[in-house]
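Its first residue numbered 6, the sequence shown is counted upward by one per residue in the working numbering.
Here is the structure we will look at, set down as structure tokens.
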Amino acid sequence: MQNILRFTFSELKQIFMDNHVPVSRAYQIFNWIYRKFVFDFEAMSDLPKDLRSLLKRDFFIQSLKLSEVLKEKSGETMKFLFKTEDLLYIEAVLILAEEDDETKESRMTLCVSSQAGCPLGCVFCATGQMGFKRNLSTDEIIAQILLAEKKVLDEKGNKDALAAKRSISNIVFMGMGEPLLNVESVLKAIKILNFSGGYNLGSRHFTISTAGIIQKISALREEKIQLRLAVSLHSAIQKKREILMPIASENPLPELMEAVRDYQKSLERRVTFEYVLLRGENDSEEEVEALKEITAGIDYNLNVIAYNPIPGLPYQTPTEKELQAFLTLLKKHNIPFVVRRSKGREINGGCGQLGLYWEQKKQAV
Ligand code: SAH
Ligand code: SF4
Numbered sequence: 006m007q008n009i010l011r012f013t014f015s016e017l018k019q020i021f022m023d024n025h026v027p028v029s030r031a032y033q034i035f036n037w038i039y040r041k042f043v044f045d046f047e048a049m050s051d052l053p054k055d056l057r058s059l060l061k062r063d064f065f066i067q068s069l070k071l072s073e074v075l076k077e078k079s080g081e082t083m084k085f086l087f088k089t090e091d092l093l094y095i096e097a098v099l100i101l102a103e104e105d106d107e108t109k110e111s112r113m114t115l116c117v118s119s120q121a122g123c124p125l126g127c128v129f130c131a132t133g134q135m136g137f138k139r140n141l142s143t144d145e146i147i148a149q150i151l152l153a154e155k156k157v158l159d160e161k162g163n164k165d166a167l168a169a170k171r172s173i174s175n176i177v178f179m180g181m182g183e184p185l186l187n188v189e190s191v192l193k194a195i196k197i198l199n200f201s202g203g204y205n206l207g208s209r210h211f212t213i214s215t216a217g218i219i220q221k222i223s224a225l226r227e228e229k230i231q232l233r234l235a236v237s238l239h240s241a242i243q244k245k246r247e248i249l250m251p252i253a254s255e256n257p258l259p260e261l262m263e264a265v266r267d268y269q270k271s272l273e274r275r276v277t278f279e280y281v282l283l284r285g286e287n288d289s290e291e292e293v294e295a296l297k298e299i300t301a302g303i304d305y306n307l308n309v310i311a312y313n314p315i316p317g318l319p320y321q322t323p324t325e326k327e328l329q330a331f332l333t334l335l336k337k338h339n340i341p342f343v344v345r346r347s348k349g350r351e352i353n354g355g356c357g358q359l360g361l362y363w364e365q366k367k368q369a370v
């Protein structure tokens with residue numbers, strides 16, 4: 006038995022050809038799974054009965070169970086808690102409507118996980134604090150997206166799967182884990198979701214967020230895929246960054262910036278630097294000056310995110326006044342920025358809070 010979500014269209018086509026099944030059947034299956042979000046071969050009514058039986062014998066469709074959906078009162082975000090087959094909890098957060106920085110169009114963004122836990126241990130991040138469990142497989146990455154789509158469809162009261170189509174317009178790897186440490190599965194999932202006869206979401210609509218692993222950024226550039234790159238910076242001062250993000254020691258800022266510059270130039274895409282504002286830690290003018298200096302020659306946008314509090318961690322969220330003071334410094338130094346108003350905080354679905362729920366659940370057992 007194999008999980009069918011693991012296969013690209015060409016791979017499935019090849020399997021069908023090898024087994025003398027018409028290629029048109031592969032198109033139909035992609036249509037059911039990736040456009041109508043139907044995960045049961047039996048319900049694929051336009052497939053011949055004997056083919057359905059064969060498919061059921063050789064393949065299965067899902068690998069994650071949707072364990073819980075939490076909705077924020079404002080209705081702006083939904084958090085999905087999924088259970089893997091080996092009983093790990095992973096999470097995804099759906100941001101129902103926000104403006105796209107580049108196109109200014111309204112978009113629906115799903116923030117997905119690439120790993121269960123994370124081995125990088127950033128000191129302000131709940132996922133980092135829970136430690137590393139394992140990499141997610143391609144099908145587990147895809148399942149997060151398909152199950153979220155299905156939920157949106159159900160919420161709309163659209164019982165007619167025939168009329169279904171994709172709702173999510175952007176996918177960001179900003180959930181649990183470091184996507185560049187699981188890059189093979191991540192890129193394969195993107196490739197599968199690209200397919201025009203299926204989910205049909207172009208690479209430009211995917212963002213990979215990384216803590217900044219130089220060699221992996223360079224390798225990704227070589228792939229020449231039009232992905233959006235987001236690099237978590239959090240400090241432009243090497244010593245400070247090393248305290249916040251242990252991975253920074255092996256990935257010093259000058260080399261990291263060079264790798265990002267090369268990526269930005271070779272793909273001709275603006276990159277994002279993420280900056281979690283921690284009160285009294287990285288909000289000084291010295292930081293802003295250093296930021297200006299290290300980012301010279303890079304086309305970027307700084308995403309300022311006020312720290313989402315994690316119980317037990319010693320960091321604090323800046324007050325609105327402190328946040329504004331930092332933004333004033335950014336303006337003074339001509340640094341292009343947007344403020345990410347943290348969504349999902351009340352359901353622990355804000356950036357870096359993923360994993361909190363998992364811990365709570367564990368304690369309750
Ligand atoms: N591992 C990748 C992607 C997942 S983390 C990375 O670090 O980039 C996604 C984003 O959430 C990162 O920018 C991370 O720094 C940020 N984040 C982590 N903890 C946070 C917290 N407590 N408050 C706000 N943002 C946080
Ligand atoms: Fe891992 Fe990103 Fe959290 Fe750092 S911020 S521990 S890299 S998930």
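Glycine included, each C-beta is placed from N, C-alpha and C at the ideal position.
Quantities reported herein were computed from a predicted structural model and do not represent experimental measurements.
Own chain residues within Cβ distance below 6 Å of residue i, not counting five before or after
i           : result
residue 32  : 202
residue 20  : none
residue 238 : 278 and 280
residue 139 : 121
residue 274 : none
Pair within 9 Å by beta-carbon distance, residue i and residue j
i           : j           : result
residue 269 : residue 258 : no
residue 127 : residue 216 : yes
residue 149 : residue 102 : no
residue 245 : residue 287 : yes
residue 276 : residue 233 : yes
residue 373 : residue 335 : The structure shown does not extend to residue 373, since the chain is modelled only from 6 to 370, so the question has no answer here.
residue 121 : residue 181 : yes
residue 230 : residue 190 : no
residue 290 : residue 310 : no
residue 241 : residue 296 : yes
residue 299 : residue 262 : yes
residue 312 : residue 345 : no
residue 95  : residue 125 : no
residue 85  : residue 158 : no
residue 156 : residue 265 : no
Boundaries of the beta strand (DSSP E) in which residue i is found, first to last residue
i           : result
residue 277 : 276 to 282
residue 140 : 137 to 140
residue 113 : 111 to 116
residue 344 : 342 to 345
residue 88  : 82 to 88
residue 76  : 70 to 76
residue 178 : 175 to 178
residue 305 : 305 to 311
residue 211 : 211 to 215
residue 237 : 233 to 237
C-alpha distance - residue i paired with residue j, whole-angstrom precision
i           : j           : result
residue 12  : residue 56  : 18 Å
residue 370 : residue 176 : Confidence at residue 370 is low in this model, with a pLDDT of 38, below 50, so its placement is unreliable and no value can be given for it.
residue 186 : residue 332 : 32 Å
residue 248 : residue 183 : 18 Å
residue 72  : residue 99  : 15 Å
residue 142 : residue 92  : 14 Å
residue 39  : residue 196 : 13 Å
residue 123 : residue 315 : 16 Å
residue 54  : residue 252 : 53 Å
residue 224 : residue 111 : 32 Å
residue 171 : residue 198 : 11 Å
residue 7   : residue 90  : 14 Å
residue 271 : residue 222 : 12 Å
residue 47  : residue 41  : 14 Å
residue 22  : residue 193 : 21 Å
residue 136 : residue 87  : 18 Å
residue 162 : residue 119 : 30 Å
residue 213 : residue 301 : 22 Å
residue 78  : residue 169 : 26 Å
residue 317 : residue 131 : 10 Å
residue 260 : residue 205 : 36 Å
residue 134 : residue 320 : 14 Å
residue 50  : residue 326 : 59 Å
Cβ neighbours of residue i in the same chain (closer than 7 Å, five flanking residues each side left out)
i           : result
residue 67  : 44 and 148
residue 14  : 31, 35, 200, 202 and 203
residue 104 : 111
residue 154 : 42, 171, 172 and 173
Extent of the continuous alpha helix (DSSP H) to which residue i belongs
i           : result
residue 97  : Where residue 97 is concerned, there is no enclosing alpha helix (DSSP H), although the beta strand (DSSP E) it sits in stretches over 94 to 104.
residue 295 : 290 to 299
residue 268 : 258 to 272
residue 62  : 54 to 63
Cβ of residue i within 9 Å of any chain B Cβ
i          : result
residue 17 : The chain inventory of the structure shown lacks chain B, comprising one protein chain alone.
Same chain, Cβ closer than 8 Å to residue i, neighbours up to 5 away in sequence not counted
i          : result
residue 17 : 9, 31, 34 and 35
> Contact between the segment 113 to 124 and the segment 54 to 64: three or more CB pairs below 8 Å?
Replying inline: no
>> Three or more C-beta pairs under 8 Å: does that hold for the segment 338 to 348 against the segment 297 to 306?
In response: yes
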